[in-house]
Amino acid sequence: MSEVKLRVKLERSVLGLVAMEEEQEAWAQGERRRIVATVVSARHLPKMDMMGLCDPYVVISMLGSESKTGVRKNTLSPDWGEDVALPWVHSAGEADAAGDVQVSVYDWDMGSAGELVGVARMDGGVVFKRKVGAVSEVTLELEGVGKEGATGEAVVGRDGKVSEVRLKVTIESGTQEPAAGEDAGPPVGRRLVVCGASARSLPKMDMLGLCDPFLEVSWGGGDVAKTGVRKSCLNPDWSERIALPWAPSPEDAAEVGVRVLDWDAGSKSDLVGCAKVPAEQVRALLGGPVGGAPVEVRLAIEGEGGGGGGGKE
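Positions in the sequence shown are counted from 1; adding 11 to them yields this note's numbering.
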């Protein structure tokens with residue numbers, strides 16, 4: 012049986028601007044962002060305790076707010092895997108002026124304040140320029156601290172190596188709650204994007220060749236776009252990106268139609284067959300996570316090449 016496969020992913024729109032995994036979007040009206048850091052581990056810490064090694068924990072601070080991890084007892088190579096969410100900023104200007112993200116490693120002591128092992132810093136304005144949703148791994152070397160701040164001298168561990176802390180950093184995006192009496196603006200929309208397609212086991216359509224297939228994609232019965240022609244091929248692949256119409260919510264889903272046609276020079280194209288993604292399946296796709304890996308949708312082709320009608324267009 013002939014079949015067509017679509018690779019589909021979900022995009023969202025925040026007040027009219029598209030958020031995509033592949034490219035950084037501009038800040039939208041009503042959007043806010045924050046840095047979320049996963050504290051992964053620290054390595055090569057110095058011995059801090061007379062009767063043991065070190066009981067480390069990490070404090071991350073920015074814009075006057077700070078969060079800390081749990082304590083890892085008696086270790087110079089702790090692992091955490093804990094997420095720390097920093098404050099929201101509400102514009103590109105605020106992001107540029109966010110200042111440093113300070114990462115401090117402390118040694119916990121029972122009955123007294125923690126003893127500072129060392130600090131590291133990231134430029135918050137630079138971090139906010141990373142792609143929304145993309146994860147970056149960061150390794151920071153610790154510096155010692157004196158009365159006037161960081162000394163610039165590296166903290167050296169018991170093993171003679173420079174102490175370091177490892178993070179995974181990502182940018183989260185959300186919409187701001189409107190103030191009382193303020194217009195909330197247009198709703199957040201979603202749309203499906205076909206980011207690749209293929210067909211397999213197509214029938215021979217040409218007397219002196221195989222088939223010159225292309226796809227036409229429709230939404231709710233209305234034409235959207237078509238792919239290029241693949242010459243003399245029964246197993247074509249397409250890489251064209253086809254963006255389907257915006258849907259204010261998954262409940263506004265419509266059926267997606269796919270027609271496979273055989274291109275003919277100087278005459279109308281022959282219909283090879285048709286397939287469709289039912290509105291119920293489209294609704295489920297629209298309700299999925301934004302920015303994830305494309306979902307493969309496999310469809311059986313019905314028509315001239317798959318056991319039905321068909322003919323000239």
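All C-beta atoms in this analysis are idealised placements derived from N, C-alpha and C, irrespective of residue type, glycine included.
Within the chosen definition, does the segment 77-87 reach the segment 135-145 through at least 3 CB pairs nearer than 8 Å?
no
So the candidates are 102, 49, 64 and 106; which of them puts its Cα closest to the Cα of residue 78?
49
Grab me the residues of residue 240's own chain with a C-beta within less than 6 Å of its C-beta, minus the 5 sequence neighbours each way, in chain order.
223, 225 and 274
According to DSSP, which residues form a beta bridge with residue 44?
100 and 184
Where does residue 41 land, buried or exposed, given buried means 16+ other C-beta within 10 angstroms?
buried
Just verifying my parser: in three-state terms, what is the DSSP assignment at residue 290?
helix
Using beta-carbon positions only, say whether residue 287 and residue 268 come within less than 8 Å of one another.
yes
Relative to the C-alpha of residue 76, which candidate in 54, 152 and 111 has its C-alpha closest?
111
Applying the criterion that 16 or more other CB atoms from any shown protein chain within 10 Å of the CB defines a buried residue, is residue 289 buried or exposed?
exposed
Do you know whose CA, among 307, 291, 283 and 133, lies nearest residue 212's CA?
283
Note the first and the last residue of the continuous alpha helix (DSSP H) segment covering residue 149.
No alpha helix (DSSP H) contains residue 149, which is instead part of the beta strand (DSSP E) from 147-152.
Would you list the one or two residues that DSSP bridges to residue 311?
14
Same chain only: Cβ atoms within 7 Å of residue 163, ignoring 5 sequence neighbours per side:
154
Less than 8 Å between the beta carbons of residue 228 and residue 253, yes or no?
yes
With C-beta atoms as the reference, is residue 220 less than 8 Å away from residue 249?
no
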